[in-house]
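A.B. asks: Protein chains in written order, with my numbering: chain A, 1 to 170; chain B, 1 to 170; chain C, 1 to 83; chain D, 1 to 83.
From the three backbone atoms N, C-alpha and C, an ideal C-beta is built for every residue, glycine too.
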Amino acid sequence: MIRVQREDFDVGAELDRLSADRGSVGGLCAFVGLVRDMSGRRAISAIELEHYPSMTERALEQIEAEATERWPLDASIVIHRFGRLEPGERIVLVGTASAHRQAAFEACEFIVDWLKTKAPFWKREHTDAGTRWVDARASDSAALARWDREDAAGHGPSVRARGAPKKAAE
Amino acid sequence: MIRVQREDFDVGAELDRLSADRGSVGGLCAFVGLVRDMSGRRAISAIELEHYPSMTERALEQIEAEATERWPLDASIVIHRFGRLEPGERIVLVGTASAHRQAAFEACEFIVDWLKTKAPFWKREHTDAGTRWVDARASDSAALARWDREDAAGHGPSVRARGAPKKAAE
Amino acid sequence: MKIVYFAWLREKTGVSEETVSLPDSVNDVRGLIEWLGAKDPGYADAFDDLAVVRVAVNQEYANLDAQLGPGDEVAFFPPVTGG
Amino acid sequence: MKIVYFAWLREKTGVSEETVSLPDSVNDVRGLIEWLGAKDPGYADAFDDLAVVRVAVNQEYANLDAQLGPGDEVAFFPPVTGG
Numbered sequence: 001m002i003r004v005q006r007e008d009f010d011v012g013a014e015l016d017r018l019s020a021d022r023g024s025v026g027g028l029c030a031f032v033g034l035v036r037d038m039s040g041r042r043a044i045s046a047i048e049l050e051h052y053p054s055m056t057e058r059a060l061e062q063i064e065a066e067a068t069e070r071w072p073l074d075a076s077i078v079i080h081r082f083g084r085l086e087p088g089e090r091i092v093l094v095g096t097a098s099a100h101r102q103a104a105f106e107a108c109e110f111i112v113d114w115l116k117t118k119a120p121f122w123k124r125e126h127t128d129a130g131t132r133w134v135d136a137r138a139s140d141s142a143a144l145a146r147w148d149r150e151d152a153a154g155h156g157p158s159v160r161a162r163g164a165p166k167k168a169a170e
Numbered sequence: 001m002i003r004v005q006r007e008d009f010d011v012g013a014e015l016d017r018l019s020a021d022r023g024s025v026g027g028l029c030a031f032v033g034l035v036r037d038m039s040g041r042r043a044i045s046a047i048e049l050e051h052y053p054s055m056t057e058r059a060l061e062q063i064e065a066e067a068t069e070r071w072p073l074d075a076s077i078v079i080h081r082f083g084r085l086e087p088g089e090r091i092v093l094v095g096t097a098s099a100h101r102q103a104a105f106e107a108c109e110f111i112v113d114w115l116k117t118k119a120p121f122w123k124r125e126h127t128d129a130g131t132r133w134v135d136a137r138a139s140d141s142a143a144l145a146r147w148d149r150e151d152a153a154g155h156g157p158s159v160r161a162r163g164a165p166k167k168a169a170e
Numbered sequence: 001m002k003i004v005y006f007a008w009l010r011e012k013t014g015v016s017e018e019t020v021s022l023p024d025s026v027n028d029v030r031g032l033i034e035w036l037g038a039k040d041p042g043y044a045d046a047f048d049d050l051a052v053v054r055v056a057v058n059q060e061y062a063n064l065d066a067q068l069g070p071g072d073e074v075a076f077f078p079p080v081t082g083g
Numbered sequence: 001m002k003i004v005y006f007a008w009l010r011e012k013t014g015v016s017e018e019t020v021s022l023p024d025s026v027n028d029v030r031g032l033i034e035w036l037g038a039k040d041p042g043y044a045d046a047f048d049d050l051a052v053v054r055v056a057v058n059q060e061y062a063n064l065d066a067q068l069g070p071g072d073e074v075a076f077f078p079p080v081t082g083g
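Structure representation (structure tokens):
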């Protein structure tokens, strides 16, 4: 499930829905992104999130489908807000449900890394020094690159893409 | 914060508390463990979780302190239930709050891996074939071993312990 | 063809959305950028450093060599900063 | 000394908690296990495979060589399965 909306969301209710009537779910992983109150040494009064509506939903659906293909997920949710948000407000929720906790963790982090580098949203910060568009961070691209598939080498997609030891738990 | 209790907990409210009045928090990661409805091909009617009260709280406090030392966390919460639980019920919540999403993810997964292999809880499953103590899984010990420190080799504790590429995001 | 601009590309061009008829000589993204830059200094400024410009054609990421046709929607925007 | 047992170790010994006075010859966990096993077949059965027995002394994980004194609390339990 994906949603792109101005309104806030209820994290507890959204996570409950992921496992409701799905008795095979053993673990949920969730990430909630929040507006921070500082940008360097400047206090942030608000941010504005602009997006590209006709591309956003399509892009989020693609990434959710890719996560579902790569990990054994029972359910997932991605909610991303746009518009004006103040410090402490929720920006994004990613939730994943699986029989296996490591699949839930990996898929959740994969979706978040992907959102940070591919989802067509742009943040503008308002501080007492004026407004500025937030620059993309090279570290976000590096984080996404961790997930590059190594199918050509015959490795499984999930644990190996992470570089974790082969003995790691499911 | 740690809590060991019979009662259920409110995931949304607990996560809200992690970021309340902490404007530096940019991301929360949470894991919720649930009772599954099947054990192999047997339907589970309930589980019972026994624990060692005087050791449990001390052990959870130690692991939370270790996570806080290894990752830049603003706050964390570990809630573990005991007693009789039915399929779909929540067993455990681990939540971590940080300025940096990767710290939140890693610390959360570290605590969960640790809980699975070190926290003194024991599960007994009730199915129509009777009751049995759940066996520990070797994969859980392997998952915890991923986090072994490599201080002696001069590597930083977090990203390298994971085996992730050195360029990975903070 | 429809063109949309976001974030500081929208501000530099002064346009959020426009419909243009391409000359026959323009048939890929690179050609479109050159043609737009020649029209107006605001566009030339927006496209000054292509390392920080991302392109989508029909809502999918595309590169400078992507072929364009009259019914396409082309989007120009900076590297994304959501999440 | 106080000894506590959990999960199937509690069921096999039939005891959840007991207070014992150790003979002088018993001064570590290994010695305690041998002494308990000699007392009763239920204990011998519980300690039959030490690979699946975990030990804590004063609420901290310990190994078979851990030294014991009269005021200690020793816990025996299987590998944990919480979380």
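(1) If we count Cβ pairs, one from each stretch, closer than 8 angstroms, do we get three or more for the region 45–53 of chain B versus the region 119–126 of chain B?
(2) Please name the residues in the region 83–105 of chain B whose beta-carbon is closer than 8 angstroms to at least one beta-carbon of chain D, in chain order.
(3) Counting pairs of beta carbons, one from the region 91–104 of chain A and one from the region 39–50 of chain C, are three or more of them closer than 8 angstroms?
(4) Going straight from the alpha carbon of Ile77 (chain B) to that of Ser19 (chain B), what length do you get?
(5) Answer with buried or exposed for Arg81 (chain A), where buried requires no fewer than 16 other C-beta atoms within 10 angstroms of its C-beta.
(6) Rounded to whole angstroms, how far is the Cβ of Arg42 (chain B) from the Cβ of Ala136 (chain B), which I believe are closer than 8 angstroms?
(7) What are the residues of the region 41–69 of chain A that lie near chain C, defined by any Cβ-Cβ distance shorter than 8 angstroms?
(8) Does the separation of the CB atoms of Ala30 (chain A) and Cys108 (chain A) fall below 8 angstroms?
(9) Between A:Leu144, A:Thr127, A:Ala103, A:Gly83, which has its C-alpha nearest Pro72 (chain A)'s C-alpha?
(10) Alpha carbon to alpha carbon, what distance is there between Ala62 (chain C) and Pro79 (chain C)?
(11) So, for Ala59 (chain A): in the same chain, excluding its five sequence neighbours on each side, which residues have a beta-carbon less than 7 angstroms away from its beta-carbon?
(12) For Asp72 (chain D) and Asn58 (chain D), I'd like the C-alpha separation in whole angstroms.
(13) Going by Cα to Cα distance, which pick from A:Asp16, A:Glu106, A:Val94, A:Ser45 is closest to Leu28 (chain B)?
(14) What are the residues in the region 24–40 of chain A lying within 9 angstroms of chain B by C-beta distance?
(15) Taking the alpha carbon of Gly31 (chain D) as the point to measure from, which residue in D:Thr19, D:Leu64, D:Phe77, D:Ala75 has its own alpha carbon closest?
(16) Is the separation between the beta-carbon of Ser16 (chain D) and that of Val4 (chain D) shorter than 8 angstroms?
(17) Mapping DSSP to helix, strand and coil, what is Met38 (chain A)?
(18) Within 10 angstroms of its Cβ, does Leu177 (chain B) collect 16 or more other Cβ (buried), or is it exposed?
(19) Quickly, what does DSSP pair Cys29 (chain B) with across the bridge? List them, please.
(20) Using a Cβ cut-off of 7 angstroms, which residues of the region 138–149 of chain B contact any Cβ in chain A, in chain order?
(21) Please report the residue range of the beta strand (DSSP E) in which Phe77 (chain D) lies.
(22) Report the option in B:Glu89, B:Pro87, B:Trp133, B:Arg146 whose CA atom is closest to the CA atom of Ile111 (chain B).
(23) Using C-beta distances below 8 angstroms, list every residue in its chain close to Val29 (chain D), excluding the 5 sequence neighbours before and after it, in chain order.
(24) Pick helix, strand or coil for Gly37 (chain D), following the three-state DSSP scheme.
(25) Output yes if chain B places a C-beta closer than 8 angstroms to the C-beta of Ala62 (chain D); else output no.
(26) Measure the CB-CB distance between Glu57 (chain A) and Ile2 (chain A) and report whether it falls below 8 angstroms.
(27) Is the Cβ of Asp74 (chain B) closer than 8 angstroms to any Cβ of chain A?
(28) Please report the distance separating the alpha-carbon of Thr127 (chain B) from that of Val52 (chain C).
(29) Which residue's Cα is closest to the Cα of Ala143 (chain B): B:Trp114, B:Glu7, B:Trp133?
(30) For Gly83 (chain A), which three-state DSSP category applies?
(31) With 8 angstroms as the threshold, decide whether the Cβ of Met1 (chain B) is near any Cβ in chain D.
(32) Would you give the residue range spanned by the alpha helix (DSSP H) that Phe110 (chain A) belongs to?
(33) Check whether the Cβ of Val172 (chain A) lies closer than 8 angstroms to any Cβ atom in chain B.
(34) Looking at the structure shown, is Trp8 (chain C) part of a helix, part of a strand, or coil, going by DSSP?
(35) Are the beta-carbon atoms of Gly26 (chain A) and Leu15 (chain B) separated by less than 8 angstroms?
(36) So that I know if they touch, is there some Cβ in chain B lying closer than 8 angstroms to that of Val80 (chain D)?
C.D. replies: In brief:
(1) yes
(2) Ile91, Val92
(3) Verdict: no, contact absent.
(4) 11 angstroms
(5) buried
(6) Rounded, the Cβ-Cβ distance is 19 angstroms, inconsistent with contact.
(7) Closer than 8 angstroms at the C-beta level to chain C, one finds these residues of the region 41–69 of chain A: Leu49, Glu50, His51, Tyr52, Ser54, Met55, Arg58, Ala59.
(8) Going by beta carbons, Ala30 (chain A) and Cys108 (chain A) fall inside the 8 angstroms limit.
(9) It is A:Ala103 whose Cα lies nearest to the Cα of Pro72 (chain A).
(10) A straight-line Cα-Cα distance of about 13 angstroms links Pro79 (chain C) and Ala62 (chain C).
(11) Lys118, Ala119, Pro120
(12) 6 angstroms
(13) A:Val94
(14) Ser24, Val25, Gly26, Gly27, Leu28, Cys29, Ala30, Phe31, Val32, Gly33, Leu34, Val35, Arg36, Asp37, Met38
(15) D:Leu64
(16) yes
(17) strand
(18) This structure cannot settle anything about residue 177 (chain B), because the visible part of chain B is limited to 1 through 170.
(19) A:Phe31, B:Thr96
(20) Ser139, Asp140, Ala142, Ala143, Arg146
(21) 73–77
(22) Among B:Glu89, B:Pro87, B:Trp133, B:Arg146, the Cα nearest to that of Ile111 (chain B) belongs to B:Arg146.
(23) Val55, Val57, Ala62, Asn63, Leu64, Asp65, Ala66, Leu68, Val74
(24) helix
(25) no
(26) yes
(27) Judged by the 8 angstroms Cβ criterion, Asp74 (chain B) is not in contact with chain A.
(28) 59 angstroms
(29) B:Trp114
(30) strand
(31) no
(32) 101–118
(33) Given a span of 1 to 170 for chain A in the structure shown, any question on residue 172 (chain A) remains unanswerable.
(34) helix
(35) Leu15 (chain B) sits away from Gly26 (chain A), with the two beta carbons spaced by 8 angstroms or more.
(36) yes
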